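Below is one structure, written out as structure tokens; comments come after it.
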Amino acid sequence: MEKASSACRRLRHLLLPKRKPDSVVAVATSNTQAKFQNVVEKFKKLSNSGGFRAQRAPYKAAVRRLSRAGHFSHVEDILQHQKQYESIKNEHFTARLIHLYGQAKMLDHALQLFDEMPKLTARAPFSPSTPSSPPASLAELRQGDRAVRELPAKLSIEPNAITYTSAMKAFCKTGSFDDAVSLLDEMAAKGVGPDAVTFSLLLGELYHSGRYLEGENAWNLMREKGVDPDVRCYNSRVQGMVSEKKMWEAVALVREMEQKGLRPNSYTYNVLIKGFVDEGNVEEVKNWYAALQESSSAAPDIFTYLRLVPFALDCIGVDLALELCKNSAGLKKKLPVAMVRRVSDELLKHSRVEDAKHLLHLYTLPHSQA
DNA sequence: GTAGGGTTAG
């Protein structure tokens, strides 16, 4: 059955008009189609397990991957598939699916699923959690006004902290930072308290877009409102300081968060490393990489290595570059092939054939040129 | 146990 349907799909694909008659392109596209179809089938199989359905990351990753590639029918396929499981009666599960449609920018599907909730979940909707998914979906679509005004009115619900946070995200993403910040006033007027999530998002957007002073204002506002910054809030501010090349202040802030008992995570270290890489400060880059390796609350990740490998090649030495590549080989996300090749080329320049071979072998790259 | 919150560079 499955074979027949995938054969049909292939046939349909062949019958579809092609813009590019180039046979090489056609074969590549067909391979890609088959690859994504495979992703869908695998995902459906995994969905059979309740343990899998409780996880959030694989859903997000699959939807992101498929929607980025423009395979919206595949997104629909895997999300509609979830309706057959008991989990669909759990409104939290269904709310997640709604948001996933939003993340794929499939608003119509998101709202339709929301409409179906009463009959799917066997419970009346609008328990505190459910109506937050449509605003979150609208935020993904950068529609702040609709998220915070039109939709709550339509659903006869009062916007809560999550609605506002979603709207803030949408406003920031469209560059309407003033609108985002002014939502804090509106929240205060309505007695809705912002929390660490609200501020981590706002701070991140402000600092990340180069609005350092506005970020600092928001940070002070957060303190005035008695909201305790968590690791992500601190990270946003550290990142803001790094962007402003205030490395000493950034380091001091990391020390402050440690003193408060907040454990720096990989993001924290990566931001500092990025700052010192941009400064060309070899000693501090080495220090913070060592600190990250020794940390009990963080570990190097792919972003660490993406930054460090080119820097090691250019400013430190091929030995460190090789060591970094080896250290990163065990990660699920791999370094780009071109980056690994740069390191192996450098090794060959120094006639270190065995090291180069070993490196390419680690990344299962052919080394016939060697 | 259950919502809304990060980066990379070519």
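Numbering (full-length UniProt numbering), first residue to last: 1 to 370. The beta-carbon is built from N, C-alpha and C at its ideal position, and this holds for glycine as well. Keep in mind it's a predicted model, so treat the numbers as computed, not measured.
Nearest to residue i by alpha carbon, out of the options?
i: residue 325; options: 212, 349, 300; result: 300
i: residue 169; options: 62, 159, 269, 141; result: 141
i: residue 57; options: 90, 349, 103; result: 103
i: residue 85; options: 218, 72, 197, 45; result: 45
i: residue 343; options: 205, 259, 317; result: 317
i: residue 288; options: 302, 306, 266; result: 266
i: residue 229; options: 349, 199, 176, 306; result: 199
i: residue 306; options: 89, 52, 338, 203; result: 338
i: residue 181; options: 202, 97, 284; result: 202
i: residue 43; options: 55, 32, 62; result: 62
i: residue 258; options: 297, 241, 283, 276; result: 297
i: residue 330; options: 361, 87, 160, 311; result: 361
i: residue 83; options: 64, 119, 67; result: 119
i: residue 346; options: 332, 313, 187; result: 313
i: residue 279; options: 366, 311, 262; result: 311
i: residue 263; options: 303, 132, 295, 101; result: 295
Please list the terminal residues of the continuous alpha helix (DSSP H) segment that includes residue i.
i: residue 233; result: 231-243
i: residue 163; result: 161-173
i: residue 111; result: 107-121
i: residue 133; result: 133-140
i: residue 268; result: 266-279
i: residue 203; result: 196-208
i: residue 223; result: 212-224
i: residue 185; result: 177-190
i: residue 154; result: 151-155
i: residue 259; result: 247-259
Determine the direct distance from the alpha carbon of residue j to that of residue i, and round the result to whole angstroms.
i: residue 115; j: residue 155; result: 10 Å
i: residue 243; j: residue 249; result: 11 Å
i: residue 17; j: residue 34; result: For residue 17, the predicted model reports a pLDDT of 31, less than 50, meaning its position is unreliable; a value from the coordinates is still stated below. Taking the straight line joining both Cα atoms gives about 18 Å.
i: residue 222; j: residue 211; result: 16 Å
i: residue 167; j: residue 144; result: 4 Å
i: residue 174; j: residue 74; result: 28 Å
i: residue 309; j: residue 234; result: 26 Å
i: residue 146; j: residue 117; result: 20 Å
i: residue 354; j: residue 48; result: 46 Å
i: residue 150; j: residue 110; result: 16 Å
i: residue 293; j: residue 320; result: 14 Å
i: residue 364; j: residue 356; result: 12 Å
i: residue 121; j: residue 98; result: 13 Å
i: residue 284; j: residue 327; result: 20 Å
i: residue 54; j: residue 218; result: 35 Å
i: residue 323; j: residue 254; result: 27 Å
i: residue 171; j: residue 113; result: 25 Å
i: residue 108; j: residue 291; result: 47 Å
i: residue 72; j: residue 139; result: 19 Å
i: residue 231; j: residue 252; result: 15 Å
i: residue 159; j: residue 187; result: 9 Å
i: residue 64; j: residue 195; result: 27 Å
i: residue 153; j: residue 133; result: 15 Å
i: residue 224; j: residue 190; result: 18 Å
i: residue 197; j: residue 236; result: 12 Å
i: residue 274; j: residue 348; result: 28 Å
i: residue 39; j: residue 302; result: 23 Å
i: residue 246; j: residue 204; result: 17 Å
Subject >> Every unbroken alpha helix (DSSP H) within the region 294-356, with a cutoff of 4 residues, ordered by chain >> reply: Listed in chain order, the complete alpha helix (DSSP H) runs (minimum 4 residues) inside the region 294-356 are 302-311, 318-328, 337-349.
**OP:** Could you tell me which uninterrupted beta strand (DSSP E) segments, each at least 3 residues in length, are contained entirely in the region 45-103, listed from first to last along the chain?
**Re:** Unbroken beta strand (DSSP E) stretches of 3 residues or longer found wholly inside the region 45-103: none.
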